Amino acid sequence: MANSCYSTIFVNYGDADRDILTRQLKMLKEKFHSFMVLVIASEADSQFFDENVGLFEDRIELLGRNASEAVIEYCQNEHMSMKEATYVGVLSDGDTRLKDKEFTIKDPNEMAESYKKAMDMLQKMINPLKGN
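Numbering (this note's numbering), first residue to last: 99 to 230.
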C-alpha cells in the first residue's frame, strides 16, 4: 500500500489497555490492510502474541535491545519502507531514531484513551436519554 503510514504497524503495548488498543488496531489493520508486528518486551507480550495470531503477522523479541534499534533493524532486514510505518509505543526520553527515519509515532495510552472517548460519544449519540 503506497503512501500510507499504516502499511506496517509495530506495536509495543507497554502498560496500555490491551483490550481497547487491540480493538483499535484491528480496525486499522482492516482499513489499511496493515502488516502488524508485535514488539515482545515481556512474557505477557509473548503470551499475547500466541493468543492473537490472527492479528500479528510477525514479532520482534527485544532480548535487552532498545525498541527503536530492533524496529529499524527489522525494517532493514525485511526491506520495508520506514516512511510507511507506524510505531505504537512509548519511546525512551530523547530517543528520536524512529522519528528521524520518518516513522509515524503513536502513544498507545493516548490511542486507547481517544478510542474510549469516541466510543463514549457514540454511545451517547445512540442512547441520548440514558445519561439523564
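Note that CB positions come from ideal geometry on N, CA and C, so glycine has one too.
Source: prediction; values computed, not measured.
Per-residue burial, residue i [other beta carbons within 10 Å of its own, 16 or more giving buried]
{"i": "Ala-100", "result": "Note on Ala-100: pLDDT 47, under 50, position unreliable in the model; no value is reported."}
{"i": "Asn-230", "result": "Low confidence applies here, because Asn-230 scores a pLDDT of 49, under 50, leaving its location unreliable and the question unanswered by this model."}
{"i": "Pro-226", "result": "exposed"}
{"i": "Leu-123", "result": "buried"}
{"i": "Asn-175", "result": "exposed"}
{"i": "Val-151", "result": "exposed"}
{"i": "Asn-110", "result": "buried"}
{"i": "Thr-106", "result": "buried"}
{"i": "Asp-143", "result": "buried"}
{"i": "Gly-162", "result": "exposed"}
Residue i, enclosing alpha helix (DSSP H) - first and last residue
{"i": "Lys-199", "result": "Careful: Lys-199 lies outside any alpha helix (DSSP H) and carries neither H nor E."}
{"i": "Thr-120", "result": "116–130"}
{"i": "Ala-139", "result": "Where Ala-139 is concerned, there is no enclosing alpha helix (DSSP H), given that its DSSP letter is neither H nor E."}
{"i": "Asp-193", "result": "Here Asp-193 belongs to no alpha helix (DSSP H), and DSSP marks it neither H nor E."}
{"i": "Val-169", "result": "165–176"}
{"i": "Asp-218", "result": "206–224"}
Beta-ladder partner(s) of residue i, from DSSP
{"i": "Arg-157", "result": "Leu-136"}
{"i": "Phe-108", "result": "Val-135, Tyr-185"}
Residue i and residue j closer than 7 Å at C-beta
{"i": "Tyr-104", "j": "Ser-132", "result": "yes"}
{"i": "Tyr-213", "j": "Ile-118", "result": "yes"}
{"i": "Asn-205", "j": "Ser-166", "result": "It is Asp, not Asn, that sits at residue 205 in the sequence shown. Contact: no."}
{"i": "Ala-114", "j": "Ala-210", "result": "yes"}
{"i": "Glu-200", "j": "Met-178", "result": "no"}
{"i": "Val-169", "j": "Phe-108", "result": "yes"}
Minimum Cβ-Cβ distance from residue i to chain B less than 7 Å
{"i": "Gly-162", "result": "Among the chains in the structure shown there is no chain B, since it carries only a single protein chain."}
Between the stretch 157–175 and the stretch 130–141, do at least 3 Cβ pairs fall closer than 8 Å? yes
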